[in-house]
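All remarks here apply to the structure that follows.
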Amino acid sequence: MMNLYGAHHHILVHSDAIDAEAHQHSFIQVTLALESPLQIEVQEQHISTEGIVINSNTAHLCRDQVSPCYYF
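Going by my numbering, the first residue of the sequence shown is number 4, and it counts up by one from there.
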């Protein structure tokens, strides 16, 4: 399941699974894990956390996340 909400200069994604290749974008990303820690890689550093703020133009990826998350 994925719900996508958009507004001018803002986006919110609520998803119960994500599998994203390494990428970067021109906006800040805030990610909150709802049930279990998020396994994410930021600039080739593996991180296990319940929430993270990723600066713009920073390479990151999230593999095989199978618990609900919010992405702002």
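We put the CB at the ideal spot given by N, CA and C, even for glycine.
Bear in mind the structure is a predicted one, so any value in this text is a computation, not a measurement.
L41 lies in the beta strand (DSSP E); which residues open and close that run? Counting from 1 along the sequence shown, the entry for residue 41 is found at position 38. It spans 41-45 - the beta strand (DSSP E) in which L41 sits, taken as one unbroken run.
With distances taken Cα to Cα, identify the nearest neighbour of V45 among C72, I57, F75. Along the sequence shown, one-based indexing puts residue 45 at 42. Per the C-alpha coordinates, the member of C72, I57, F75 positioned closest to V45 is I57.
Extent of the continuous beta strand (DSSP E) to which T34 belongs: What you label residue 34 is simply residue 31 of the sequence shown in a count that begins at 1. Unbroken beta strand (DSSP E) run through T34: 32-36.
Check the C-beta distance from L64 over to A25 and give it rounded, since I have them as a contact under 8 Å. Within the sequence shown, the letter at position 61 stands for residue 64. Within the sequence shown, the letter at position 22 stands for residue 25. 4 Å between Cβ atoms; contact.
Span of the beta strand (DSSP E), counted from its first residue to its last, around A23: Translated into the one-based positions of the sequence shown, residue 23 becomes position 20. Counting along the chain, the beta strand (DSSP E) containing A23 begins and ends at 21-26.
According to the neighbour-count rule (16 or more other Cβ atoms, all chains shown, within 10 Å of its Cβ), is A36 buried or exposed? Position 33 of the sequence shown, counted from the first residue, corresponds to residue 36. With a 10 Å radius around the Cβ and a threshold of 16 neighbouring Cβ atoms, A36 comes out buried.
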